[in-house]
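**Q** One structure, pasted below without further comment.
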Amino acid sequence: MDIKKLIGEMTLEEKAMLCSGLNFWETKPVERLDIPKIMMTDGPHGLRKVASGPSTGHRPSKEATCFPPAVLSACSFDRELLYELGAAIGQEALSENVRIVLGPGVNIKRSPLCGRNFEYFSEDPYLAGEMAASFIDGVQGKGVGTSIKHFAANNQETRRWSSDSVIDERTLREIYLPAFKKAITKAKPATVMCSYNRLNGEYASENRRLLTEILRDEWGFEGIVISDWGAVNDRVLGLKAGMDLEMPGAAVPSNDELIVRAVRAGELDEAVLNLAAERILTVISKYKGDKSRTGDEETRTFDVDAHDAIARKIASESMVLLKNEDNILPLSKTAKVAIIGEMAEKPRYQGSGSSAVNAFRVTSALEAARGCAAVTYSKGYDVKNCDEPSQQLMAEAVSAAKSADVCVVFVGLPHHYESEGYDRLHMRMPEGMNKLILAVASANPNVVVVLSNGAPVEMPWAGEVKGILEGYIGGQAGGGAACDILFGDVNPCGKLAETLPIKLSDNPSYLYYFGERDTTQYREGIFVGYRYYDKKEMEVLFPFGHGMSYTSFEYSNLRLSSAKIDDTQTLTVTANIKNTGNAAGKEIVQLYVGQKNIDDRLIRAEKELRGFAKISLAPGESKAVEFTLDKSAFSYYNTQIADFHVLSEDYIIMVGRSSRDIALCGEVYVKSTVKAPQRANPNTTVRDIRRMERGGEFLSYIAKKFPQHANINEEALADGSNYEHIRCVPEFVFRQTRLMGSMPGVTDADIQAWMDEILNEENV
Ligand code: BGC
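Using our numbering, the letters of the sequence shown correspond one by one to residues 3 to 766.
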């Protein structure tokens with residue numbers, strides 16, 4: 003396709019019509035010029051291609067593999083696994099002639115309440131970005147495009163069409179944008195889907211700063227921006243902002259027409275339209291695929307069983323063993339096991355909304371367990387009606403528990419508890435489930451709970467049971483995966499991609515979540531997830547990064563390539579990890595960085611995830627794990643220079659098993675090579691002046707000008723340890739001295755001039 007030539011040949015109307023969908027799922031073809039249409043469908047954990055023709059919306063879809071949703075796959079911390087997931091979805095897309103997969107979703111989990119958390123990876127932007135980049139590489143490696151979503155700051159479902167996410171610049175840059183930035187710069191997704199909400203007053207779909215200045219000018223994105231379905235308000239404004247393709251098809255009166263009219267009226271530069279059309283054609287040309295295939299071709303070019311096995315592997319390598327007292331797990335296949343809870347029979351394996359896949363097959367945990375051991379089953383509750391306990395079902399479960407060696411209770415969040423489109427109001431599981439666990443635990447001391455949930459739940463019974471397996475929602479093979487872990491066929495190796503707080507009110511966004519009418523202020527700022535809980539030294543139920551194994555790992559011999567680096571250099575961090583148990587296992591080694599001495603210059607988290615590696619170790623085996631850290635591991639966003647910046651400081655390198663189980667620590671001094679100008683003024687404290695490169699020189703200079711003041715002398719000023727004394731200097735020099743009249747004629751302007759002479763444009 004000669005795109006420039008095509009643009010030249012297209013009429014104004016043709017170019018405008020290219021900027022909106024033909025229907026719910028396809029772009030418009032221009033037959034005259036041999037421009038084909040392409041199809042896109044959800045979604046992030048499996049294909050949802052509508053079965054009854056492309057003009058329908060949320061209708062039953064064709065069968066596809068339902069892989070584990072992001073809430074679970076993120077817990078794998080496994081880039082290769084995410085690549086494999088993407089590649090499998092890409093393969094299914096190819097077989098259905100789908101050219102763009104609408105995923106992954108990388109919004110940050112600000113609150114456990116977000117109804118769509120199951121579709122998102124993490125509370126941590128580094129992890130979310132890494133997972134998304136691998137997923138995109140996997141899909142796009144098959145020649146199928148992706149649409150990373152929902153750009154940006156779409157962290158609640160409540161009023162998602164209108165709510166305005168009010169976020170300060172630093173928080174935006176450090177928490178809510180980096181996952182997008184990482185995935186976009188690293189994996190180059192074909193498209194970005196803008197979100198419904200507003201960001202700092204402007205709809206994402208009309209936000210020039212977001213869609214052009216940040217996305218394209220700063221990050222170099224070359225694909226197209228697609229609107230979330232129905233996210234367009236003012237189409238012309240959107241086009242000017244960089245929103246290329248409106249999905250689904252244009253509203254009536256057609257937005258295409260509005261574009262044409264705006265160009266004719268001189269309100270929209272045709273060059274803007276040309277650029278959008280050019281980008282759309284570039285994506286169509288790259289992803290259109292083989293012309294000979296038709297939209298409804300049924301040929302399956304993938305192996306349904308093999309994909310089921312991939313789904314099971316991803317789930318079993320992602321589920322998180324939270325607790326394993328007395329090594330209750332793995333279960334012996336000859337033990338008398340009572341399986342309790344209807345979710346074992348009717349699994350909750352995915353969330354509701356646009357990502358819901360019509361799964362080829364679903365394996366329940368009960369079915370899988372029956373293949374492993376002679377188990378008994380009792381329902382325990384009715385999942386459709388479990389807000390209150392059923393005394394009869396509970397009594398049956400208790401009686402089953404009494405005659406078993408071990409009880410495995412399957413509980414979680416029923417479908418209607420969480421979904422796209424609304425948020426939860428609390429973090430509790432249904433009372434019928436909580437009561438059931440306690441009743442079973444009082445009948446049998448050996449209880450394991452398996453959870454099926456898309457987001458954290460309160461666990462008032464956590465102390466009463468010996469084992470907890472966080473299965474999240476596991477996709478079509480989740481039941482089998484849970485049994486793989488329960489019966490020891492797989493050694494658990496997932497770790498939490500989010501903190502599990504004890505109760506909802508512990509969460510940092512608790513006071514502000516949902517907002518007030520159409521405004522949601524992100525007042526907790528950068529303190530999201532473990533960044534908050536760690537800073538507050540709060541007890542949590544299970545910390546970010548936590549996850550147990552049937553073996554144990556010893557961490558030793560931390561090496562840093564240097565004790566001091568410039569921020570333009572990299573630091574290599576190496577640690578040895580040894581499997582000291584009897585089973586082969588995988589360990590997720592996590593690297594966090596924290597500034598050693600946090601002071602009044604910058605509000606900072608105690609530690610931030612800056613690297614992770616998943617390694618596989620046979621019993622007794624040891625491996626060296628190496629991380630390379632660059633400037634991004636040490637920097638914060640400095641709004642003054644509108645860029646990331648490093649404070650010249652000592653940093654602690656922490657390597658460990660979780661955010662709260664740091665095994666090894668080292669230190670490095672990182673020196674900034676970038677000046678972040680801070681203009682001293684007459685009110686600047688001596689402390690800040692001293693931090694400046696020529697601060698000492700300036701203070702000596704000042705001291706010489708005030709010899710009559712005994713406490714202002716060069717010696718005192720040079721003695722940084724005598725901080726209290728020194729602190730009074732600016733008062734004397736810049737305020738009291740003049741007010742007391744002892745230095746008549748010295749004005750603020752004089753002081754500023756002395757400062758400018760020596761201190762101007764200093765490094766902070
Ligand atoms: C959702 C998107 C989805 C789209 C198409 C929207 O309502 O927010 O995530 O891709 O529908 O189904």
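For each residue, glycine too, the CB sits at the ideal point set by N, CA and C. Just so you know, these numbers come straight off a predicted model, no measurement behind them.
Could you tell me the distance, in whole angstroms, from the CA atom of residue 316 to the CA atom of residue 323?
**A** So the two alpha carbons sit approximately 15 Å from each other.
**Q** Take residue 684 as the anchor and find which of 656, 749, 614 has the nearest alpha-carbon.
**A** Among 656, 749, 614, the Cα nearest to that of residue 684 is on 749.
**Q** Which runs of the beta strand (DSSP E) at least 3 residues long sit entirely within the region 400-478? Give them in chain order.
**A** Listed in chain order, they are 408-414, 449-454, 469-472.
**Q** Using DSSP bridges, identify the partner residues of residue 354.
**A** Looking at the DSSP assignment, residue 354 forms a beta bridge with 421.
**Q** By how many angstroms is the C-alpha of residue 307 removed from the C-alpha of residue 363?
**A** If you take the alpha carbons of residue 363 and residue 307, they lie about 10 Å apart.
**Q** In the DSSP assignment, find the beta strand (DSSP E) that holds residue 276 and state where it starts and stops.
**A** Note, residue 276: premise wrong, no beta strand (DSSP E); alpha helix (DSSP H) at 272-289.
**Q** At a cut-off of 7 Å, is residue 104 close to the ligand BGC when judged by its beta-carbon and the heavy atoms of the ligand?
**A** At least one heavy atom of the ligand BGC is nearer than 7 Å to the Cβ of residue 104, so yes.
**Q** Classify residue 49: buried if its beta carbon has 16 or more other beta carbons within 10 angstroms, exposed otherwise.
**A** The residue is buried, with at least 16 neighbouring Cβ atoms inside 10 Å.
**Q** So the candidates are 341, 609, 757; which of them puts its Cα closest to the Cα of residue 126?
**A** Closest by alpha carbon: 609.
**Q** Spell out whether any CB of chain D is found under 8 Å from the CB atom of residue 604.
**A** Of the protein chains in this structure there is only one, and it is not chain D.
**Q** Which first and last residues belong to the beta strand (DSSP E) in which residue 132 is found?
**A** Careful: residue 132 lies outside any beta strand (DSSP E), inside the alpha helix (DSSP H) at 127-142.
**Q** Give the straight-line distance between the Cα atoms of residue 227 and residue 218, rounded to the nearest whole angstrom.
**A** Distance between the alpha carbons of residue 227 and residue 218: 10 Å.
**Q** Does DSSP classify residue 242 as helix, strand or coil?
**A** Residue 242: helix per DSSP, three-state reduction.
**Q** In three-state DSSP terms, what is residue 329?
**A** If DSSP states are grouped into helix, strand and coil, residue 329 belongs with the helices.
**Q** On a CA-only basis, which of 519, 230, 150 is nearest residue 165? Give me that one, please.
**A** Taking only the C-alpha atoms, the option nearest residue 165 is 519.
**Q** Tell me whether residue 224 sits in a helix, a strand or coil according to DSSP, three-state version.
**A** Residue 224: coil per DSSP, three-state reduction.
**Q** From 622, 641, 552, pick the residue whose C-alpha is nearest to that of residue 471; which is it?
**A** Residue 552 is the option with its Cα nearest to residue 471.
**Q** For residue 192, which residues of its own chain have a beta-carbon under 8 Å away from its beta-carbon, when the five flanking residues on both sides are left out?
**A** 102, 142, 147, 148, 149, 225, 226, 285, 288, 289.
**Q** Would you call the region 9-25 and the region 112-122 touching, i.e. three or more CB-CB distances under 8 Å?
**A** Verdict: no, contact absent.
**Q** Within the present structure, is the beta-carbon of residue 44 separated from the nearest heavy atom of the ligand BGC by less than 7 Å?
**A** At least one heavy atom of the ligand BGC is nearer than 7 Å to the Cβ of residue 44, so yes.
**Q** According to DSSP, simplified to helix, strand and coil, what is residue 213?
**A** Helix.
**Q** Could you round the C-beta distance between residue 569 and residue 633 to whole angstroms and report it? I think they count as a contact, below 8 Å.
**A** Right, their Cβ atoms sit about 5 Å apart.
**Q** Specify, as a first and last residue, the run of the alpha helix (DSSP H) that residue 314 falls within.
**A** 306-318 is the extent of the alpha helix (DSSP H) around residue 314.
**Q** Between which two residues does the alpha helix (DSSP H) containing residue 537 stretch?
**A** Segment 532-537, the alpha helix (DSSP H) holding residue 537.
**Q** Give the straight-line distance between the Cα atoms of residue 8 and residue 282, rounded to the nearest whole angstrom.
**A** Going by the C-alpha atoms only, they are around 12 Å apart.
**Q** Mind checking whether the beta-carbon of residue 151 lies closer than 7 Å to any heavy atom of the ligand BGC?
**A** Yes; taking the cut-off as 7 Å, the Cβ of residue 151 has a heavy atom of the ligand BGC nearer than that.
**Q** Using the Cα positions of residue 650 and residue 592, report the straight-line distance between them to the nearest angstrom.
**A** In a straight line, the C-alpha of residue 650 is about 24 Å away from that of residue 592.
**Q** I need the straight-line Cα distance from residue 525 to residue 81, nearest angstrom please.
**A** Their backbone Cα atoms lie some 32 Å apart in a straight line.
**Q** Tell me whether residue 356, by its Cβ, gets closer than 7 Å to a heavy atom of the ligand BGC.
**A** Yes.
**Q** Please determine if the region 447-466 and the region 33-50 are in contact, where contact requires at least 3 C-beta pairs separated by less than 8 Å.
**A** Flag = no, the region 447-466 and the region 33-50 do not touch.
**Q** Between the C-alpha atoms of residue 98 and residue 33, what's the straight-line distance to the nearest angstrom?
**A** One C-alpha to the other measures close to 22 Å.
**Q** Is the beta carbon of residue 319 closer than 8 Å to that of residue 129?
**A** Contact: no.
**Q** With distances taken between CB atoms, is the gap from residue 691 to residue 761 smaller than 8 Å?
**A** Contact flag set, yes.
**Q** Going by beta-carbon coordinates alone, are residue 65 and residue 312 separated by less than 8 Å?
**A** No, the Cβ-Cβ distance between residue 65 and residue 312 is not below 8 Å.
**Q** Give the DSSP-derived three-state secondary structure of residue 736 in the structure shown.
**A** With a pLDDT of only 47 at residue 736, under 50, the local geometry of the prediction cannot be trusted, and the value read off the model is given with reservation. Here residue 736 sits in helix by DSSP.
**Q** What does the alpha-carbon distance come out to for the pair residue 200 and residue 167?
**A** Cα to Cα, residue 200 sits roughly 6 Å from residue 167.
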